[in-house]
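So the sequence lines, in the order shown, correspond to chains H and S.
Here full-length UniProt numbering is used: the first residue of the first sequence is 1, the next is one more, and so on.
Here full-length UniProt numbering is used: the first residue of the second sequence is 1, the next is one more, and so on.
There are 2 protein chains.
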Amino acid sequence: MSDRLTGPVEVIGTGLLGTSVALACRRAGLDVLLTDVSAEHVRTASALGAGRARAAEDRPQLVVVAVPPDHLGVTIARALDDGDAVVTDVGSVKAGPYAAVAAHPGASRYVGGHPMAGSERSGPLAASADLFEGRPWAVVPHPGSHPDAVALVEQLVAICAAVAVRLTPEDHDRAVARTSHVPHLLASLAAGRLADAPADHLRLSGQGVRDVTRVAAGSPELYGQIVAANADAVLGLLGEVRGELDALIAAIAAADGGALASLLEQGVAGTRAIPGKHGGPVRPTATVFVSVPDEPGVLARLFAAAGEAGVNIEDVRIDHDLGRAVGLVELLVEEGRDEHLRESLESRGWATHR
Amino acid sequence: MSDRLTGPVEVIGTGLLGTSVALACRRAGLDVLLTDVSAEHVRTASALGAGRARAAEDRPQLVVVAVPPDHLGVTIARALDDGDAVVTDVGSVKAGPYAAVAAHPGASRYVGGHPMAGSERSGPLAASADLFEGRPWAVVPHPGSHPDAVALVEQLVAICAAVAVRLTPEDHDRAVARTSHVPHLLASLAAGRLADAPADHLRLSGQGVRDVTRVAAGSPELYGQIVAANADAVLGLLGEVRGELDALIAAIAAADGGALASLLEQGVAGTRAIPGKHGGPVRPTATVFVSVPDEPGVLARLFAAAGEAGVNIEDVRIDHDLGRAVGLVELLVEEGRDEHLRESLESRGWATHR
């Protein structure tokens, strides 16, 4: 086994993720072989420059399995059967695929993977060589993975311009249960309460409920498969959530302000535990609000004005109004830069407030 | 009682909301009287141009009570005792204040209010006459409220450039329990699970968990008071959430894909029930992703390029990366305009993907 990725790379499953990996490998000059149950998908991906259909005599060095969650285990095992290539995948859950290959004679050639990237769109037409740029990509060796196989997968991550985060299969699945699956399920529960609410009640919806529920718009079929594949870790955390929900209900019913505050304080601590921009600690930011009319080009003018003030915008939110063609733009900037930005914008005629 | 707002307007409580109301009334040319337990706050608000300290002989036409939730009822009752002014408030929950004044001989002069605006900052220095621009403002008469009193409060809402949404006290409290308090509590539960997670697990945090948990960073003291004041409506919904959580746990434990999908589908339906921009139905949008370096002025250049393409940006998200000085900007535009924007940006040298 070589520890240097020279290709060919085979991509099995030419949807959004697989075709994006293929495009990044082609950009790096590697020979890319495409396989999919849909010949149409292969033709489309190939026409986009993602590689060529795999031929019988082709011998890949690395196979990237990018099929739906329900088909991961069997596809990985079949890829290990077929030759001596290193095999990785881009599935959201890692325990299942590992269990499916653990007893395989070629198991040392398998290293799991999970790029933290995606889109509400799917299919090869939505793919891009840049999809993974700057995103975390979990590299998940099992105890029997060969070091050279791990090295190859980490080179694939580098070619995709992603940031490798090495975790065991168990740690990976617990991590995504906590940072992705359980937040998604709680967002679904919050959104579910809106489904049959009176319309005039929903007119009071602000930015908060939009943020909390946004991810709940994702595909029930896909998320159902992901959650089912990570049932153990998700159930463990949902058990904790249930205990905390019971405590919350008891605290509110008993008008126990101290218990309620301590539950809310744990939430505050959790928001502070999420890594900040560029993986570092969360930097304190300050907010500048600007009222803008809803017309093409207004954000361009606003950002040009902020740029002239020499202030780096850390984040932007647009808080849509109700019933009027005006929007409120929230600019997040480094703490201590907000007053300068506000003054600078006001001197250019913008309506800011705090 | 007159049905025309001519002033003076008294604002009791010169924090963020009270001072912002005062500034908007001053902008409209009304005489504004300021009252606060903190003489320092009154001096600050007055220096900002929000009005003058109330003198003993002053007789307000309209009193706006903007004190913390725990002091609302008693302050409203005292304002009704003092003269014949119409009294409103800006509190987040309406049942408690109404109960506190229902038996008052001047109850017909009370009409509840609740502007859906705020900030993570507080105090008069954070105030702005524009704080309420385009925001929903619940106007909450009780069965005994005089029509002229309702008319005065709706004129106050118009002066603040907000959009009046008329609801009964019970409907208001059920509405905010659903669109604000319960989403906040579920965000706290999701965030609480992150508080003691291993740091390498949190490195997999993406934009989804950041969105779900953002509101949970709010003040535990303030939210504790708000939730306690709306205990009945919140407990009703939390009971529903608990039932759905039990169903979710049972579906996952039994590997019942159909039950899991139907819970997730209810969440999707909920996200679609939230009114869209400008209060209308949610318009279909498409997304254009652009990779940008993390440096001052880059968003200005990007938005200028989008403006030159003549495409209206409906919303913006910045997805921060992990460990690299690059960011991914997500531009939401009207469906059908995305391809034009993408081509236009690429022709100007921007790295877009789908």
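Backbone N, C-alpha and C fix where the C-beta goes; we use that ideal spot for every residue, glycine too.
Quick caveat: nothing in here was measured; it's all calculated off a predicted structure.
Quick check: the Cα distance between residue i and residue j, rounded to an integer number of angstroms?
i                         : j                        : result
alanine 66 of chain H     : valine 212 of chain S    : 27 Å
isoleucine 159 of chain H : glycine 49 of chain S    : 59 Å
alanine 199 of chain S    : arginine 272 of chain H  : 12 Å
proline 281 of chain S    : cysteine 25 of chain H   : In this prediction, proline 281 of chain S has a pLDDT of 47, which is less than 50 and means its spatial position is unreliable; nothing more can be read from the coordinates.
leucine 302 of chain S    : aspartate 338 of chain H : 22 Å
arginine 4 of chain S     : leucine 156 of chain S   : 10 Å
leucine 202 of chain S    : alanine 100 of chain S   : 47 Å
arginine 135 of chain H   : serine 291 of chain S    : 11 Å
alanine 45 of chain S     : leucine 23 of chain S    : 9 Å
glutamate 40 of chain H   : leucine 72 of chain H    : 21 Å
methionine 1 of chain H   : valine 241 of chain H    : 46 Å
threonine 75 of chain H   : arginine 109 of chain H  : 14 Å
threonine 352 of chain S  : alanine 261 of chain H   : 44 Å
glycine 18 of chain S     : valine 153 of chain S    : 14 Å
glycine 336 of chain H    : aspartate 315 of chain H : 15 Å
leucine 34 of chain H     : alanine 55 of chain H    : 9 Å
leucine 237 of chain S    : arginine 193 of chain H  : 8 Å
alanine 255 of chain S    : glycine 243 of chain H   : 22 Å
valine 163 of chain H     : valine 21 of chain H     : 14 Å
histidine 181 of chain S  : valine 93 of chain S     : 10 Å
glycine 15 of chain H     : serine 38 of chain H     : 10 Å
alanine 304 of chain H    : aspartate 84 of chain S  : 51 Å
valine 165 of chain H     : histidine 114 of chain H : 10 Å
serine 128 of chain S     : alanine 138 of chain H   : 46 Å
aspartate 70 of chain S   : glycine 349 of chain H   : 40 Å
Name the DSSP bridge partner or partners of residue i?
i                         : result
tryptophan 137 of chain S : S:Pro115 and S:Ala164
valine 63 of chain H      : H:Glu10 and H:Val87
alanine 286 of chain S    : S:Val333
tyrosine 110 of chain H   : H:Val87
threonine 179 of chain S  : The partner list for threonine 179 of chain S (beta bridge, DSSP) is empty, contrary to what the question assumes.
arginine 52 of chain S    : S:Leu33
Is DSSP giving residue i helix, strand or coil here?
i                        : result
histidine 353 of chain S : strand
residue 355 of chain S   : The requested residue 355 of chain S does not occur in the structure, where chain S is confined to residues 1 to 354.
glycine 323 of chain H   : With a pLDDT of 44 at glycine 323 of chain H, under the threshold of 50, the modelled position of this residue cannot be trusted; read the value that follows with caution. Coil.
residue 370 of chain S   : Chain S is shown only over 1 to 354; residue 370 of chain S falls outside these bounds and no answer can be derived.
arginine 317 of chain S  : strand
leucine 299 of chain H   : helix
proline 169 of chain H   : helix
proline 293 of chain H   : strand
leucine 185 of chain H   : helix
arginine 348 of chain S  : coil
residue 388 of chain S   : Residue 388 of chain S is absent from the model: chain S starts at 1 and stops at 354.
lysine 277 of chain S    : In this prediction, lysine 277 of chain S scores a pLDDT of 48, lower than 50, which makes its location untrustworthy; the coordinate-derived value is nonetheless stated afterwards. Lysine 277 of chain S falls in the helix class under three-state DSSP.
histidine 340 of chain S : helix
leucine 5 of chain S     : coil
alanine 47 of chain S    : helix
glutamate 57 of chain H  : coil
residue 357 of chain S   : The shown model of chain S, from 1 to 354, leaves out residue 357 of chain S, and the question about it has no answer.
proline 97 of chain S    : helix
arginine 193 of chain S  : coil
leucine 311 of chain H   : Looking at the sequence provided, one finds valine at residue 311 of chain H rather than leucine. The answer is coil: DSSP assigns valine 311 of chain H none of H, G, I, E or B.
serine 20 of chain S     : helix
alanine 103 of chain H   : coil
Compare the C-alpha of residue i against each of the options and name the closest.
i                        : options                                   : result
threonine 88 of chain H  : H:Ala77, H:Gln266, H:Val111 and H:Ala305  : H:Val111
aspartate 173 of chain S : S:Met116, S:Gly123 and S:Arg4             : S:Met116
valine 86 of chain S     : S:Val93, S:Ala99 and S:Gly106             : S:Gly106
aspartate 58 of chain S  : S:His41, S:Asp81, S:Val37 and S:Pro8      : S:Pro8
leucine 167 of chain S   : H:Leu204, H:Asp148 and H:Ala286           : H:Leu204
valine 311 of chain S    : S:Leu328, S:Phe289 and S:Arg342           : S:Arg342
glutamine 61 of chain S  : S:Val32, S:Glu40 and S:Asp232             : S:Val32
glycine 13 of chain H    : H:Ser2, H:Asp36 and H:Gly29               : H:Asp36
aspartate 81 of chain S  : S:Ala103, S:Gly123 and S:Asp70            : S:Ala103
arginine 263 of chain H  : S:Gly267, S:His184 and S:Gly236           : Looking at the sequence shown, residue 263 of chain H is not arginine but leucine. Nearest of S:Gly267, S:His184 and S:Gly236 to leucine 263 of chain H, Cα basis: S:His184.
valine 329 of chain H    : H:Leu222, H:Glu308, H:Ala300 and H:His340 : H:Ala300
threonine 179 of chain H : S:Ser180, S:Ala197 and S:Asp171           : S:Ala197
threonine 285 of chain H : H:Pro275, H:Glu265, H:Leu331 and H:Ser347 : H:Leu331
If contact is defined by three or more beta carbon pairs under 8 Å, each pair taking one atom from either stretch, is the segment 178 to 193 of chain H in contact with the segment 244 to 251 of chain H? The segment 244 to 251 of chain H vs the segment 178 to 193 of chain H: no contact.
Inter-stretch contact (C-beta, 8 Å, three-pair minimum) for the segment 147 to 156 of chain H and the segment 209 to 223 of chain H: Output reads no: the segment 209 to 223 of chain H does not touch the segment 147 to 156 of chain H.
Is the segment 219 to 231 of chain S in contact with the segment 214 to 227 of chain H, if contact means three or more CB pairs nearer than 8 Å? Segments in contact, no.
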